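*Asks:* Under full-length UniProt numbering, the first residue of the sequence shown carries the number 1, and numbering increases by one thereafter. Provided herewith is a single structure, encoded as structure tokens, for subsequent inquiry.
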Amino acid sequence: MSKLQIEELSGKLVVVINYQTTYVIVKVDGNEMRINFDHKQEFKLVKGKSGQLQYLDEHPLLMNYNEQSISMYINSKPENAAKLNSEIQLAVDELLKGWRNWDSYFLDVHSRSSIETFKSNLLSGSGRIFEGPITIANRVIAVFEKHNVLTKSFPGLLKQKQYRLLLIENNYVIANAFEIVYK
């Protein structure tokens, strides 16, 4: 029997039977299969969830793992900080399509900053304002430029691995690779 590739399951209706941190067992076409994860980064799975399996190289959830990260600082005061804040949120939400919270890119977990720190930095026109993927950074920069607000960006390290997404409705696993093993 030839080995089934994960791409061959894409588009098929599956049911999540069980999972652990390194694998998920799904039922597809009446057969149970175990899908192992290589270098899993993030997951959200629910037993009994059914839906069409998708195997993706591009998705809003993958930006954090596959794109270069950018740190951005604000260097001038906006004329209307509340409007700028609102437009930033809309621009980021448009890219994320509900898969992540927009404000997670404007908080610094290492320094315990909050959304209030972000708003304070917007008002003062000074300080770290963003840390996240380049696609989102470019959209945020465009909003700042529209408001004539100066920013300075610093690139992070280039990503060395390419992660992929296994998606079943709103359930997902982000990993470097997936391997199917028949049960």
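Note that CB positions come from ideal geometry on N, CA and C, so glycine has one too. Keep in mind the model is a prediction, meaning the values are calculated, not measured.
Taking the alpha-carbon positions, what's the Asn176 to Leu165 distance?
*Replies:* Those two C-alpha atoms are separated by around 9 Å.
*Asks:* So what does DSSP say about Thr135, is it helix, strand or coil?
*Replies:* Looking at Thr135 - three-state DSSP - the assignment turns out to be helix.
*Asks:* If I follow the unbroken alpha helix (DSSP H) through Ile6, where does it start and stop?
*Replies:* Here Ile6 belongs to no alpha helix (DSSP H), and DSSP marks it neither H nor E.
*Asks:* Counting only runs that start and end within the region 21 to 45, where is the beta strand (DSSP E) found for 3 or more residues in a row?
*Replies:* You should have 23 to 28, 31 to 38 and 42 to 44.
*Asks:* Given a threshold of 16 other Cβ atoms within 10 Å of its Cβ, counted over all protein chains shown, does Val46 qualify as buried or as exposed?
*Replies:* The residue in question, Val46, is exposed, as its Cβ has fewer than 16 Cβ neighbours within 10 Å.
*Asks:* Express the C-alpha separation of Ser126 and Asn170 in angstroms, rounding to a whole number.
*Replies:* C-alpha separation (whole angstroms): 38 Å.
*Asks:* Could you tell me the alpha carbon to alpha carbon distance between Tyr163 and Ser104, rounded to whole angstroms?
*Replies:* Their backbone Cα atoms lie some 20 Å apart in a straight line.
*Asks:* Could you please give the first and the last residue of the uninterrupted beta strand (DSSP E) stretch that includes Phe178?
*Replies:* Note, Phe178: beta strand (DSSP E), Ala177 to Tyr182.
*Asks:* Can you give me the start and stop residues for the alpha helix (DSSP H) that Tyr65 sits inside?
*Replies:* Segment Met63 to Asn66, the alpha helix (DSSP H) holding Tyr65.
*Asks:* Leaving out five residues before and five after Ser10 in sequence, what residues of the same chain have Cβ atoms less than 7 Å from its Cβ?
*Replies:* Closer than 7 Å at Cβ, skipping near neighbours: Leu53, Gln54 and Tyr55.
*Asks:* For Arg128, which three-state DSSP category applies?
*Replies:* The answer is strand: DSSP assigns Arg128 an E or B state.
*Asks:* Check each candidate in Val143, Pro155, Lys146 and Leu62 and name the one with the smallest Cα separation from Gln41.
*Replies:* Closest by alpha carbon: Leu62.
*Asks:* Can you look up Lys119 in the DSSP assignment and give me helix, strand or coil?
*Replies:* Here Lys119 sits in helix by DSSP.
*Asks:* Tell me the DSSP secondary structure of residue 185 in three-state form.
*Replies:* As displayed, the chain neither begins before 1 nor continues past 183, which places residue 185 out of reach and without an answer.
*Asks:* For the pair the region 131 to 141 and the region 7 to 21, tell me if three or more CB-CB distances fall below 8 Å.
*Replies:* The answer is no - the region 7 to 21 does not touch the region 131 to 141, with fewer than three Cβ pairs under 8 Å.
*Asks:* For Lys152 versus Asn75, is the C-beta distance shorter than 7 Å?
*Replies:* Yes, Cβ-Cβ distance for Lys152 and Asn75 is below 7 Å.
*Asks:* To the nearest whole angstrom, what separates the beta carbons of Leu95 and Pro60, a pair I think is in contact under 8 Å?
*Replies:* Indeed they touch by this definition, with Cβ atoms about 6 Å apart.
*Asks:* When we look at the beta-carbon of Val149 and count the other beta-carbons within 10 Å, is it buried (16 or more) or exposed?
*Replies:* Classification for Val149: buried.
*Asks:* Step through the CB atoms of chain C and report whether any lies within less than 7 Å of the CB of Ser10.
*Replies:* Of the chains in the structure shown, none is chain C; there is only one protein chain.
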